[in-house]
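Trainee: Sending over a structure as structure tokens; questions will come in a sec.
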Amino acid sequence: MNEASSQAAPRWQLPAGAQLLDEPGPKGGNILLRLGDAVLKLYRSRGNAWYEALRSVLVRIFERKRGITPWARHRTERRSLALWEREGFEVPRRLQRPLPRGLAPPGLWLEFCPGPTLSQLLEEQEHERVRLAEELGRRLQPRHRRALALREPLLLMEHATTNHIFIDGDRWVSFDLENGYCPGFPVLDGLVYELSSFLRALAKRTGDQADAALRAFVRGYNDPLLLEQVCARGLDSESVLHRLRRWSDQRRRESLSKTAMLVGLRQLLALPTAHQ
Numbered sequence: 019m020n021e022a023s024s025q026a027a028p029r030w031q032l033p034a035g036a037q038l039l040d041e042p043g044p045k046g047g048n049i050l051l052r053l054g055d056a057v058l059k060l061y062r063s064r065g066n067a068w069y070e071a072l073r074s075v076l077v078r079i080f081e082r083k084r085g086i087t088p089w090a091r092h093r094t095e096r097r098s099l100a101l102w103e104r105e106g107f108e109v110p111r112r113l114q115r116p117l118p119r120g121l122a123p124p125g126l127w128l129e130f131c132p133g134p135t136l137s138q139l140l141e142e143q144e145h146e147r148v149r150l151a152e153e154l155g156r157r158l159q160p161r162h163r164r165a166l167a168l169r170e171p172l173l174l175m176e177h178a179t180t181n182h183i184f185i186d187g188d189r190w191v192s193f194d195l196e197n198g199y200c201p202g203f204p205v206l207d208g209l210v211y212e213l214s215s216f217l218r219a220l221a222k223r224t225g226d227q228a229d230a231a232l233r234a235f236v237r238g239y240n241d242p243l244l245l246e247q248v249c250a251r252g253l254d255s256e257s258v259l260h261r262l263r264r265w266s267d268q269r270r271r272e273s274l275s276k277t278a279m280l281v282g283l284r285q286l287l288a289l290p291t292a293h294q
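Oh and the sequence shown: position 246 is 264 in our numbering, straight run, nothing missing.
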């Protein structure tokens with residue numbers, strides 16, 4: 019929801035005064051428009067409608083995620099935004115406006131966030147990387163503890179990445195919450211995926227400062243017990259899903275795999291100086 023505008027000409031009529039921020043690719047996808055102080059997110063199919071409907075059923079059964087059709091993603095994002103806002107966690111504010119003439123639903127009006135993403139700051143400001151990693155940990159921990167207390171998987175980021183946090187002054191605004199886990203999904207499992215994803219993104223964007231960034235993240239998170247529980251769940255669980263993920267990571271032998279991130283985190287937590 020900031021100015022990362024596509025230069026390609028849209029294949030549909032752009033409303034007067036609107037700025038195109040993102041449009042569907044060859045296989046489809048969402049449309050993002052900026053109109054003044056607001057962003058309009060239009061949810062669109064990502065390919066063949068029948069295939070998308072079938073895949074939506076499969077991810078519900080096997081991954082226990084909410085549907086991926088346009089209307090399902092619209093419903094998930096509305097619910098997530100309302101929940102995060104109610105619990106005091108920063109998300110783009112929802113706006114009540116009608117869709118411009120000629121644009122089909124589903125759509126959602128959100129505030130325009132002018133700040134850069136966390137990814138951009140990590141890449142551009144080397145001297146700030148360690149501080150940003152510590153601040154990320156500090157801001158994630160209360161939401162994770164609240165998700166556990168409420169047993170609410172919608173308080174987790176299903177697609178966690180430093181690309182999906184805007185920094186606007188003191189506000190760290192999480193966005194792109196259109197995908198989420200079904201009710202009853204184990205929150206600790208969701209924490210495994212979210213934390214390993216964030217640690218992977220940090221490692222990719224902090225380069226030779228990755229070790230210092232990880233230590234800073236742990237220091238800011240300031241909850242070694244929960245981090246140890248996440249590592250145990252992700253690395254020791256005999257559930258089919260966790261075993262498959264570990265096998266897949268080991269097969270690819272990626273140094274920055276999510277499993278590798280949890281291994282590194284566990285090793286750090288075992289050190290007596292880990293939290294200093």
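Cβ coordinates follow ideal geometry from the N, Cα and C atoms, glycine included.
With a 10 Å radius around its C-beta and 16 neighbouring C-beta atoms as the bar for buried, classify W3 as buried or exposed.
Mentor: Outside the shown range of the chain, which is 19 to 294, sits residue 3, and nothing can be said about it.
Trainee: Quick check on this structure: which residue in A67, R104, Q268 has the alpha carbon closest to the alpha carbon of I86?
Mentor: Taking only the C-alpha atoms, the option nearest I86 is A67.
Trainee: Since R82 and C200 are thought to touch, with beta carbons under 8 angstroms apart, how far apart are those beta carbons, to the nearest angstrom?
Mentor: Contact holds; Cβ gap of about 5 angstroms.
Trainee: Going by C-alpha distance, which of M279, A221, L209 is nearest L174?
Mentor: Among M279, A221, L209, the Cα nearest to that of L174 is on L209.
Trainee: Could you name the residues that DSSP lists as bridge partners for V75?
Mentor: Looking at the DSSP assignment, V75 forms no beta bridge with any residue, so it has no partner.
Trainee: For Q31, does the three-state DSSP call read helix, strand or coil?
Mentor: DSSP places Q31 in coil when its eight states are reduced to three.
Trainee: Give the range of the beta strand (DSSP E) segment to which S192 is assigned.
Mentor: S192 -> beta strand (DSSP E) spans 189-192.
Trainee: Please list, in chain order, all residues of the same chain as E141 whose beta carbon is under 6 angstroms from its beta carbon, the five residues on each side excluded.
Mentor: Cβ neighbours of E141 beyond the five flanking positions: R223.
Trainee: Considering only residues of the same chain and omitting the five flanking positions on each side of P88, which have a CB-CB separation below 8 angstroms?
Mentor: So the qualifying residues of the chain are Y61, R62, S63, P124.
Trainee: Leaving out five residues before and five after R119 in sequence, what residues of the same chain have Cβ atoms less than 7 angstroms from its Cβ?
Mentor: Once the five neighbours on either side are set aside, R119 has no close Cβ partner at all.
Trainee: Measure the C-alpha to C-alpha separation of S215 and A178 and round it to an integer number of angstroms.
Mentor: Distance between the alpha carbons of S215 and A178 is about 6 angstroms.
Trainee: Nearest to G54 by alpha carbon, out of P44, G65, Q37, A278?
Mentor: If we check each option's Cα against that of G54, Q37 comes out closest.
Trainee: Please go through the segment 56-111 and give each complete alpha helix (DSSP H) segment of 4 or more residues, from N-terminal end onward.
Mentor: Within the segment 56-111, the complete alpha helix (DSSP H) runs of at least 4 residues are 67-80, 88-104.
Trainee: In the DSSP assignment, find the unbroken beta strand (DSSP E) run with D40 in it and report its ends.
Mentor: Segment 37-40, the beta strand (DSSP E) holding D40.
Trainee: Just confirm the distance between the C-beta atoms of R261 and L206, as a whole number of angstroms; I'd bet it's less than 8 angstroms.
Mentor: In fact, because the Cβ distance is near 16 angstroms, the residues do not count as touching under 8 angstroms.
Trainee: Would you kindly work out how many angstroms separate the C-alpha atoms of I79 and L72, rounded to a whole number?
Mentor: Those two C-alpha atoms are separated by around 11 angstroms.
Trainee: Between which two residues does the alpha helix (DSSP H) carrying G155 extend?
Mentor: Taken as a continuous stretch (DSSP letters only), the alpha helix (DSSP H) holding G155 covers 147-168.
Trainee: If you draw a straight line from the C-alpha of G238 to the C-alpha of Y69, how long is it?
Mentor: Roughly 43 angstroms between the two C-alpha positions.
Trainee: Say whether the segment 228-237 touches the segment 261-270, bearing in mind that this needs 3 or more beta-carbon pairs closer than 8 angstroms, one atom from each stretch.
Mentor: Segments in contact, no.
Trainee: In this structure, does DSSP put R52 in helix, strand or coil?
Mentor: Residue state, collapsed to three classes: strand.
Trainee: What are the boundary residues of the beta strand (DSSP E) that G198 is part of?
Mentor: Careful: G198 lies outside any beta strand (DSSP E) and carries neither H nor E.
Trainee: If contacts are defined as beta-carbon pairs under 8 angstroms, then G198 and R84 qualify, I think. What distance do you get, rounded to the angstrom?
Mentor: That pair is a contact at about 5 angstroms.
Trainee: Can you name the start and end residues of the beta strand (DSSP E) that G125 belongs to?
Mentor: Segment 125-129, the beta strand (DSSP E) holding G125.
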